[in-house]
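Residue numbers (my numbering): 10 to 168.
Glycine included, every Cβ here is placed at the ideal spot set by N, Cα and C.
All values reported here derive from a predicted model rather than from experimental measurement.
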């Protein structure tokens with residue numbers, strides 16, 4: 010069986026950043042899948058499920074309510090390896106195109122201190138598995154260490 014593209018990326022050289030994972034035709038448009046890599050694979054600890062779950066709820070809510078990108082947001086969800094998230098947008102984008110959006114998003118998550126949207130038994134299948142303080146901390150770390158001074162090596166997959 011042929012390896013899928015995401016398994017051909019050299020994860021030993023991959024830094025936290027924003028990468029275009031793939032572009033797929035969908036009718037008359039393109040769906041761009043972004044790899045929002047928050048931790049360095051195989052070099053630092055992965056994120057725990059509680060903070061990933063919290064980030065997912067906050068990010069999905071923020072993105073789907075965003076005035077420009079809300080109608081273009083198809084999906085935001087965690088990677089199985091727990092090192093980041095996938096964001097699927099309708100449209101043909103490059104990583105640099107969404108840096109301002111990611112800065113908005115992770116500032117929102119860093120500064121969010123209210124009840125997590127959808128964190129109730131009637132709204133979520135595992136509502137108790139949430140960690141807002143750690144989600145705030147991780148968002149701040151990604152914002153300050155990656156997004157605020159993002160470079161090309163954190164926008165284009167390594168060879």
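C-alpha gap between residue i and residue j, whole angstroms
i: residue 132; j: residue 125; result: 11 Å
i: residue 44; j: residue 54; result: 18 Å
i: residue 147; j: residue 117; result: 12 Å
i: residue 144; j: residue 119; result: 7 Å
i: residue 89; j: residue 57; result: 11 Å
i: residue 33; j: residue 22; result: 25 Å
i: residue 13; j: residue 30; result: 11 Å
i: residue 163; j: residue 52; result: 16 Å
i: residue 61; j: residue 48; result: 12 Å
i: residue 137; j: residue 121; result: 18 Å
Delimiting residues of the alpha helix (DSSP H) encompassing residue i
i: residue 108; result: 108 to 120
i: residue 153; result: 141 to 154
Proximal residues to residue i (C-beta, below 7 Å), its chain only, five neighbours per side dropped
i: residue 38; result: 99 and 100
i: residue 66; result: 125, 126, 127 and 128
Extent of the continuous beta strand (DSSP E) to which residue i belongs
i: residue 105; result: It is not in any beta strand (DSSP E) - residue 105 carries neither H nor E in the DSSP assignment.
i: residue 167; result: Careful: residue 167 lies outside any beta strand (DSSP E) and carries neither H nor E.
i: residue 32; result: 26 to 35
i: residue 44; result: 38 to 46
i: residue 99; result: 93 to 99
Same chain, Cβ closer than 8 Å to residue i, neighbours up to 5 away in sequence not counted
i: residue 111; result: 27, 45 and 156
* Considering only residues of the region 53 to 89, which uninterrupted alpha helix (DSSP H) runs meet the minimum length of 4 residues and lie entirely inside it, listed in chain order? -> For the alpha helix (DSSP H) assignment, the uninterrupted runs of no fewer than 4 residues enclosed by the region 53 to 89 are, from N- to C-terminal side, 58 to 73.
* To do: Give a yes or no on contact between the region 149 to 164 and the region 64 to 77, applying the rule of three or more CB pairs nearer than 8 Å.
  => Per the Cβ contact rule, the region 149 to 164 is not in contact with the region 64 to 77 (fewer than 3 Cβ pairs under 8 Å).
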